Structures are given as C-alpha cells and as structure tokens.
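Read in numbering that gives the first Met the number 0, the sequence shown has 157 at position 158, and its numbers run on one by one without any break.
We put the beta carbon where it would ideally sit given N, CA and C, even for glycine.
All figures in this text were calculated on a predicted structure; none of them were measured in a lab.
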Amino acid sequence: MRSLFIACHIFKKPSPLKQKPFPIINFFVIANFIFMIKRGGLLVDILAYFALLNPDTRKVATIPEDLVAPFETDFVKKLHRVPKMPLLEQSIDRDYYVRYFDIDMNGHVNNSKYLDWMYDVLGCEFLKTHQPLKMTLKYVKEVSPGGQITSSYHLDQLTSYHQITSDGQLNAQAMIEWRAIKQTESETD
C-alpha cells in the first residue's frame with residue numbers, strides 16, 4: 000500500500016499531510032488524513048468516508064476494482080460505523096435559505112455549507128472564545144437547491160450537538176468538542 004505525502008501551508012508555515020492507506024468496502028472508501036506540525040505534533044486527524052454516486056440516479060454505486068487498483072489498497076468486508084447520534088430534543092434553531100452559491104457542480108449543497116451553518120448558529124461570542132478539538136460529522140441526506148434549512152444545536156458544557164434539517168428530513172448531524180481560548184491582555188484591551 001502507498002502513502003501520500005503533500006506539503007500544506009497552515010498559517011504560512013509548511014505542514015506535512017500524511018494520508019494513510021485506505022480500505023474499500025463495496026460502496027465506501029475510508030480515508031485517514033493526518034496533518035502534522037513541523038515539530039512532529041498532531042495538528043488534525045481526519046477520518047472520512049467517501050461514496051461513489053451514480054450521477055444519473057443520485058444513488059450510491061459499487062466502487063469498481065480497476066478504479067482503485069493503482070492505489071494498491073485492500074477491499075474489506077466490515078465498515079466501522081460512525082456512532083449513532085440522537086435527534087435533538089431541546090435545541091436553539093436558526094433558519095437559513097439555500098443560495099445559488101451554496102450549490103456545487105454536482106447540483107447539491109456543498110459539504111462545507113453544512114459546517115458553516117453548524118458554526119454560525121453558535122454565534123460570534125462563542126466562536127471568538129472557543130476552538131474545536133474534535134468533531135464527528137455525519138451527512139445523512141443531501142440538501143436540495145432552493146428552499147430553506149434549519150440549523151439546530153444544543154450546548155452541553157464544552158460539547159455542542161448539531162443537526163441540519165430541511166422539509167422535515169434530517170440532512171446532517173455533528174458532535175463538536177470545544178476548548179476555551181485563553182485570551183491575552185492585548186486581546187482584552
């Protein structure tokens with residue numbers, strides 16, 4: 000199996016990215032991206048599940064072996080599932096309209112917008128004083144162009160629970176662990 004190394008620049012300093020070999024499970028590719036800081040410490044570790052969609056039916060398609068053969072990866076039988084997140088019973092909600100520029104070239108809402116909606120609903124004061132430590136994000140059903148979504152969250156100490164819904168359907172869920180940012184005197188003046 001091969002590993003992929005890419006030089007990334009974070010805050011104008013080079014930061015290596017290591018992509019571990021990824022297993023294939025019929026419909027899913029599991030990729031693990033690890034960003035390291037120069038001194039060898041971990042900056043971020045991302046475990047992502049990717050699916051191949053049939054562009055005509057918008058259904059998940061089986062990943063052909065010849066497509067992944069150059070990567071010398073293994074096909075495995077068991078998928079490590081993301082922990083199930085319960086629906087929010089008590090939440091703070093905000094509605095957003097899906098705009099033209101929220102749509103990607105595949106004709107659905109760009110995945111980054113879900114995260115934008117989840118962060119935005121927390122408000123400026125919280126975001127200025129907290130930094131995410133760990134996130135579990137699950138995309139359930141794509142949001143269609145046009146219309147409206149509701150971003151909901153519940154904050155329990157330093158863990159926020161999120162869901163995105165549209166037309167009465169769950170579209171995405173997340174659990175984010177935060178840490179408070181220590182402010183220096185210069186930031187408080």
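* Distance, Cα to Cα, M174 vs Q162? -> Answer to the nearest angstrom: the Cα atoms are 9 Å apart.
* Could you tell me which residues DSSP pairs with Q172 in its beta bridges? => Paired residues: K137, Q162.
* Asked: D73: which of P54, N25, M84 sits nearest, CA to CA?
  -> N25
* **Sub-8 Å separation of F49 and V43 beta-carbons** => No, the Cβ-Cβ distance between F49 and V43 is not below 8 Å.
* Asked: When burial is assigned at 16 or more other CB atoms within 10 Å of the CB, is F4 buried or exposed?
  -> Any answer about F4 is weak, because its pLDDT of 44 lies below 50 and its placement is not dependable; what the coordinates show is given next. Label assigned to F4: exposed.
* Could you give the DSSP three-state label for V108: helix, strand or coil? => strand
* Asked: Are three or more beta carbon pairs between the stretch 88–99 and the stretch 56–70 nearer than 8 Å?
  -> no
* Span of the alpha helix (DSSP H), counted from its first residue to its last, around T149 -> Careful: T149 lies outside any alpha helix (DSSP H), inside the beta strand (DSSP E) at 147–155.
* To do: Using 10 angstroms around the beta-carbon of Q182, count the other beta-carbons present and answer buried if the total reaches 16, otherwise exposed.
  => exposed
* Sequence-distant residues of the same chain with beta carbon closer than 7 Å to L157, five excluded per side -> E176, W177, R178
* **alpha helix (DSSP H) segment containing D55, residue limits** => Careful: D55 lies outside any alpha helix (DSSP H) and carries neither H nor E.
* Per DSSP, the bridge partner or partners of Y96 -> Q147
* **N- and C-terminal bounds of the alpha helix (DSSP H) containing K127** => Looking at the DSSP string, the run of the alpha helix (DSSP H) that includes K127 is 123–128.
* When you compare only the Cα positions, how much space is there between A6 and I45? -> Residue placement at A6 cannot be trusted, given a pLDDT of 45 that sits under 50; what the coordinates show is reported in the next sentence. Near 16 Å, if we compare the C-alpha coordinates of I45 and A6.
* Using alpha carbons as the reference points, say which of K127, K112, K83 lies closest to S150. => Minimum Cα-Cα distance from S150 among the listed residues K127, K112, K83 corresponds to K112.
* Got a sec? Which residues, its chain only, sit under 8 Å from H107 by beta carbon, not counting five neighbours each side? -> E141, V142, S143, P144
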